[in-house]
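At position 53 of the sequence shown (counting the first as 1) the number is 944 in the numbering used here, and the numbers step up by one without a gap. By construction, the Cβ of each residue, glycine as well, lies at the ideal position given by its N, Cα and C atoms.
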Amino acid sequence: MAVALTALAVLIEIIVGYPRWLLRSIRHPVMWMGRFIAILERSWNNGSAGRTLRQALGVVTVFLLVAIVATAALVIERGLLILPFGMIGAGILGSTLIAQRSLHQHVVRVADALENEGIRSARGAVSHLVGRDTHSLDEAGVARAAIESLAENFSDGVVAPVFWMVIAGLPGAATYKAISTADSMIGHHSPRYEAFGWAAARLDDLVNLPASRIAALLIIAAAAVTQGASAPAAWRAVRRDARHHRSPNAGYPEAAMAGALSLSLAGPRAYGGVVIDDAFMGNGRRAAKTTDIRAALALYRRADAILVGFVILMAAALIAIG
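Given below as structure tokens:
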């Protein structure tokens, strides 16, 4: 049942994205998760408290978030699946946890802005995708940031929720999304969040581990059927560079994308005025262009198509045998 639900969810998200009527009715699940996290963070992440206490309260925050989200998703899924057309409703809710369409649209906006509106508009567009400082990025910096975000979010926003939905249905994907949201809000390496966000950051690393490797393999497979991309170079980049990334997971899809397109991605970048030194993924050009964003989007579409096709075939096989 979980695999069939996943197949339905990915198809709904590709075709319609997040339905506006649903957004108006219940907002986005991530918004409710974020509000819960923000309430506990304001109440418990007291700067006057010791590091050990704040770390413990961060663990409790993540535990409560996961328990509430998983329980709610399980109740909703079971309630829907006893209804005549409940699978459709569950599929619609599941589609809100996947970001295939919206990720593509956001990266296309960056490419369009670079081509038609100038660097200032492009910086604004890419700022919606990345957390780094964008005000001083040149064309190559904007293009690289967009491509890196496309690769990383393919793993975090597409492959990971699909993986966990296949494993555990709506509760699996919703729980993953809750952990990912907590990491994005409080899992930062900063004085305020270093202790309180420790559990969120470590748990996010853990739940993204399988998806990041799968995403890299999907990008490599897509490169094999994409003109101008190199699957062998993508494989070599992953083996050589991925483990040197400051993130235990992001390096895998980024290295695969860099190798496939003969680019160098990642490397030093600034957050809040502080330059973070990081290894480069890939050994190609650093001077990325708008055409490279378009090429990355083509690679992304094929990688996503392989993922969706595999899920649909798996669902069909399970239905056929039983």
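Report task. Pull up the distance between the alpha-carbon of alanine 1113 and that of valine 998, whole angstroms please. Result -> Counting from 1 along the sequence shown, the entry for residue 1113 is found at position 222. Counting from 1 along the sequence shown, the entry for residue 998 is found at position 107. Going by the C-alpha atoms only, they are around 18 Å apart.
Query raised in the report: Under a Cβ-count criterion, where at least 16 other Cβ atoms within 10 Å of its own Cβ denotes burial, should threonine 943 be classed as buried or exposed?
Result: Position 52 of the sequence shown holds residue 943. Classification of threonine 943: exposed, given that the 10 Å Cβ count is below 16.
Report task. Could you give the DSSP three-state label for tyrosine 909: helix, strand or coil? Result -> Position 18 of the sequence shown, counted from the first residue, corresponds to residue 909. Of the three classes helix, strand and coil, the one that applies to tyrosine 909 here is coil, per DSSP.
Requested in this report: Would you decide whether valine 1021 is buried or exposed? Buried here means 16 or more other CB atoms lie within 10 Å of its CB.
Outcome: Locating residue 1021 in the sequence shown gives position 130, where the first residue counts as 1. So valine 1021 ends up on the buried side.
Query raised in the report: What residue does the alpha helix (DSSP H) around arginine 1014 start on, and which one ends it?
Result: The residue given as residue 1014 occupies position 123 in the sequence shown. Note, arginine 1014: alpha helix (DSSP H), 1010-1018.
**Report entry** Residue interval of the alpha helix (DSSP H) (run including valine 1129)
**Finding:** The sequence position of residue 1129 within the sequence shown is 238, counting from 1. Valine 1129 -> alpha helix (DSSP H) spans 1122-1132.
Query raised in the report: Thinking C-beta only, is glutamine 991 closer than 8 Å to valine 901?
Result: In the sequence shown, the residue the question calls residue 901 occupies position 10. In the sequence shown, the residue the question calls residue 991 occupies position 100. Yes, the Cβ-Cβ distance between valine 901 and glutamine 991 is below 8 Å.
Query - Minimum C-alpha distance to aspartate 1132 - residue among Met1148, Thr897 and Gly1119 - result: The residue you call residue 1132 lines up with position 241 of the sequence shown. Checking every option, the nearest Cα to that of aspartate 1132 belongs to Met1148.
Query raised in the report: Could you give the residue range of the alpha helix (DSSP H) that holds arginine 1185?
Result: Looking up residue 1185 in the sequence shown gives position 294. Start and end: 1181-1212.
Query - Enclosing alpha helix (DSSP H) for alanine 1141 [first to last residue] - result: Taking the first residue of the sequence shown as position 1, residue 1141 is located at position 250. Run containing alanine 1141: none; DSSP gives neither H nor E here.
Query raised in the report: Mind checking glycine 1119: buried by the 16 CB within 10 Å criterion, or exposed?
Result: The residue given as residue 1119 occupies position 228 in the sequence shown. Exposed: under 16 other Cβ atoms inside 10 Å.
Report task. Have a look at isoleucine 1010 and phenylalanine 976 and give me their C-alpha separation to the nearest angstrom. Result -> Looking up residue 1010 in the sequence shown gives position 119. Looking up residue 976 in the sequence shown gives position 85. Rounded to the nearest angstrom, the two C-alpha atoms are 48 Å apart.
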